[in-house]
Every structure is written in C-alpha cells, then in structure tokens.
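Participant:
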Amino acid sequence: MKKNQVSWWLAFALLLASLSLQSQENKSASNPQNATVESKSLNWDNISLTGEGVKLIVIKQSLKNSIGISTGFPLLNPQNKQLQYSDISNAFSKQEYAEQLLEKLDGEFMIGSLSGETATQTKLKGKSSIVPGIQYGFQLFKFLRLRASGAFFRNEWSGEFPVLVFPNEQNPSSMPTSLQGEIRGYTSGLYLQTGVSVLLAKGMIKPFVSAAVQANIPFNSKLQAFISDIAIPIEVENETVDFSPVAGAGAQINILKTGFLDLEFSFARPNGAKFIPSVGASAGLRF
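Under the numbering used here, the residue at position 17 of the sequence shown is numbered 975, and the numbers go up by one with no gaps.
(1) Report all residues from its chain with a CB closer than 6 Å to the CB of residue 1234; omit the five preceding and five following residues, and keep chain order.
(2) DSSP on residue 993, reduced to helix/strand/coil?
(3) Would you call the stretch 1051–1060 and the stretch 1178–1196 touching, i.e. three or more CB-CB distances under 8 Å?
(4) Below 8 Å CB to CB, which residues in the same chain sit around residue 1136 once its five sequence neighbours on both sides are set aside?
(5) Could you give the C-beta distance for residue 1113 and residue 1080, rounded to a whole number, given that I count them as a contact under 8 Å?
(6) So, with DSSP's three-state summary, where would you put residue 1213?
(7) To which residues of the same chain is residue 1205 closer than 6 Å at the C-beta, ignoring the five residues directly before and after it?
(8) Using the Cα positions of residue 1164 and residue 1083, report the straight-line distance between them to the nearest angstrom.
(9) Would you verify that the beta carbon of residue 1241 is, or is not, closer than 7 Å to some beta carbon of chain B?
(10) Count Cβ pairs between the stretch 1036–1054 and the stretch 1148–1159 that sit closer than 8 Å; are there 3 or more?
(11) Figure out for me which residue from 1150, 1089, 1194 has the closest Cα to the Cα of residue 1237.
(12) Out of curiosity, what's the CA-to-CA distance linking residue 1092 and residue 1200?
(13) Let me confirm a value: residue 1195 is counted as buried when at least 16 other C-beta atoms fall within 10 Å, else exposed. Which label applies?
(14) Over the uninterrupted beta strand (DSSP E) stretch that includes residue 1178, give me the two end residues.
(15) Locate the beta strand (DSSP E) running through residue 1081, then write down its first and last residues.
(16) My output table needs one value for residue 1114: the three-state DSSP class, helix, strand or coil.
(17) Based on the DSSP output, what are the partners of residue 1025 in its beta bridges?
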C-alpha cells in the first residue's frame, strides 16, 4: 500500500472516533439520568425535613383498648322474699338469746299476735343500691367492640313480724302484750359480665346495642331478727352462683382525643329473680 493511502485511512479513522465521542457527550448532556453517579455516601444530617416539597407521613393511633370506671343504678328493687315464722322461733330458742329476751321482756314470748291470725310467714321487701365497678373494652372491628366488666352489688331485705309477750308469774293478772319484731338482711357479691357492643354509627357520638352474659356471684349473706334491740342471727340457705342474659342499648361519646363516656340502658336478671332494668354510666380512657 502506498504511503499516501495509509495516511488517508488513518485520518478517516481519527475522524470517526472524534464523531463517536462527541455523540456520547451530547447524549449525556440531554439526559442527566444517564450521567455518571458519584459513589459518595449520603449524609442524612444535611437533609432538610421542612420547606416546600417535603411530605411527612402521620401515623394515627389506633386506640383499640379502653378501660374505665362504671356505675349502675337499678330502676327496680330485687324480688321480695318470704321467711317462715318457724325459722325465727328456732333462732330465738337458743339458750343464749332466750335468756336475754326473758330478762328484757320480763316474761315469756312467742311469735304471733293477739288477733288470732294464722299467718306462718312474713314478707321481706327488697331494696337495691348503686352498683360500682370497672370495665375493659377492645375494638375488634370498626363496628364491633368486645367488653368485660366487674361490679360490686349489695341487695338488702327488711320486714316485720308480731311477737306476743306473756307476763311472768309475779304478775299473773297482767294481760299479754304484743310488739313488732324486725328482720334485716343483705346479700353482697359480684356481677361479672362479658359480651359485645355493635356500633350503629360513626362520629363523636356512637349509638350502640349490646348483648352479654352475666355471672351473679354472691359471697356474703346475713339475716338478723331484732326484738327490743337484741339482734339474733337467722340461718338461711346461701345463694348460689347463677347466670343471666343481659341486653342493652346506649351511646358512646368520645371526649377529646382519648377520653370516652358510655351511657346505657339494660335489662338483667340477678340471682334468679325477675328481669330488672337499670341505667349505667362509665367513663375512662382509650389507648
């Protein structure tokens, strides 16, 4: 090959190489994403979290749990009870009490009246009281809440019975006299409930309906007869644990961010008695 031809071929190759380099530089300038990334470590301390274009993700607190104190107000008294005169007489017949009554009444006595009534039992009227307690809730779904609660109850009973007093032998001409004895007693224990509430709406005030099972657990019972200020205990059968369905409706009111107030009207059947309506209120915190 001649020397001139070699020179021309070298010049042509240099021209092609120059054009190729220029084309690559133009592509890099027109598309910055394809530019070479410097392998430097990212300094998080220099990144600004404020200003335009900065978005912060806010994570909302779920507040699925709740705990609070509660108060119940029964609208009816517990069912009345009947006490046999024979149970009262058996309590009076014990020597330690009989001697006290003989001295106090100055004569013999018996359960009954001068009118000749043949009654064999007396009625004890029931009286309910405020039911304080605590409750826990768990929001299983947006519309469904599980509930568990415990409350202390005390039901009281009272009644009267006739007492006939015969004068002692030192005063045989005296006529028998009658007076009224008194019966007072109570039963205390726990109401344990577990159930669900179905929320019917969203918002600050949420109406709901509820259903539960209640265990009535009496742990202390006492019954006494009183004659002339002398107290005599009467033995009665202890009440046993039983269970009752509970149904109710009310509203849950959210207060500020984590507080709540529940108002509820419900029906329950305590200790095998009739169904008793009650109103209740509970307040506490959600977390």
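Ideal Cβ positions, reconstructed from N, Cα and C, are used throughout, including at glycine.
Facilitator: According to the data block:
(1) For the purposes of this step, residue 1234 is identified with residue 276 of the sequence shown, where counting begins at 1. Counting only Cβ-Cβ distances below 6 Å, and skipping sequence neighbours, we find 1032, 1034.
(2) Sequence index remark: in the sequence shown, residue 993 carries index 35 (1-based). With a pLDDT of 42 at residue 993, under the threshold of 50, the modelled position of this residue cannot be trusted; read the value that follows with caution. Coil at residue 993, not helix or strand.
(3) Output reads yes: the stretch 1178–1196 touches the stretch 1051–1060.
(4) Position 178 of the sequence shown, counting from 1, holds the residue named residue 1136. Answer for residue 1136: 1071, 1072, 1120, 1121, 1122, 1123, listed in chain order.
(5) For this step, residue 1113 is matched to residue 155 along the sequence shown. For this step, residue 1080 is matched to residue 122 along the sequence shown. Rounded to whole angstroms, the Cβ separation of residue 1113 and residue 1080 is 18 Å, and the two are not in contact under 8 Å.
(6) Position 255 of the sequence shown holds residue 1213. Secondary structure of residue 1213 (DSSP, three-state): strand.
(7) Against the sequence shown, residue 1205 aligns to sequence position 247. Within the same chain, 1169, 1225 come within 6 Å of residue 1205 by CB-CB distance, once the 5 residues on both sides are set aside.
(8) As a working mapping, residue 1164 is identified with position 206 in the sequence shown. As a working mapping, residue 1083 is identified with position 125 in the sequence shown. Just so you know, the alpha carbons of residue 1164 and residue 1083 end up roughly 39 Å apart.
(9) Of the protein chains in this structure there is only one, and it is not chain B.
(10) Taking a cut-off of 8 Å on C-beta distances, the stretch 1036–1054 does not touch the stretch 1148–1159, as fewer than three cross pairs fall below it.
(11) Along the sequence shown, one-based indexing puts residue 1237 at 279. It is 1089 whose Cα lies nearest to the Cα of residue 1237.
(12) The residue you call residue 1092 lines up with position 134 of the sequence shown. The residue you call residue 1200 lines up with position 242 of the sequence shown. Spanning the two alpha carbons is a distance of roughly 21 Å.
(13) Reading the sequence shown from its first residue, position 237 is the one you call residue 1195. With fewer than 16 other Cβ atoms within 10 Å, it is exposed.
(14) Within the sequence shown, numbered from 1, the residue matching residue 1178 stands at position 220. Per DSSP, residue 1178 belongs to the beta strand (DSSP E) from 1163–1185.
(15) In the sequence shown, the residue the question calls residue 1081 occupies position 123. Residue 1081 -> beta strand (DSSP E) spans 1079–1085.
(16) Reading the sequence shown from its first residue, position 156 is the one you call residue 1114. When DSSP states are grouped into helix, strand and coil, residue 1114 belongs to the strand group.
(17) The count along the sequence shown starts at 1 and reaches residue 1025 at position 67. Checking the DSSP bridge columns, you'll see residue 1025 partnered with 1094, 1243.
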